[in-house]
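In the numbering used here, the protein residues as written are 3 to 107.
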């Protein structure tokens, strides 16, 4: 069974209390499986669930590299820049700034 099909079930189950957390973990698992497109979709899903159980800055921080692997450089830059506005002074901001510094000018 592919992990992406598991995500489909998570999104359809209205009883899943922490859908945001499930989508985040699914995205992380898909990164490790090498499914960059599936990871991107899972991280994007994690961002729209309200209320979030995973800090929005962390979800954006994980989404940035997924965009990078798929060649979406502008989206990556926008997403990582958003981290710096969501959680000022956190470890997520430091990591986002490091990733932004590596991007092409």
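Beta carbons are placed, not taken as given, at the ideal position from N, Cα and C, and that holds for glycine.
Reduced DSSP category for residue i - H, G, I as helix; E, B as strand; rest coil
i, result
"residue 95", "helix"
"residue 45", "helix"
"residue 37", "coil"
"residue 67", "helix"
"residue 56", "coil"
"residue 50", "helix"
"residue 72", "coil"
"residue 21", "helix"
"residue 105", "coil"
"residue 3", "Because the pLDDT of residue 3 is 33, which lies under 50, any placement of that residue in the model is unreliable, and the number read from its coordinates should be weighed accordingly. Coil, per DSSP."
Supposed contact pair residue j and residue i - C-beta distance, whole angstroms, cut 8 Å
i, j, result
"residue 78", "residue 66", "5 Å"
"residue 64", "residue 36", "No, residue 64 and residue 36 are not in contact; Cβ-Cβ is about 15 Å, not under 8 Å."
"residue 92", "residue 59", "6 Å"
"residue 102", "residue 87", "Not a contact, Cβ separation roughly 12 Å."
Where the alpha helix (DSSP H) through residue i begins and ends
i, result
"residue 85", "75–88"
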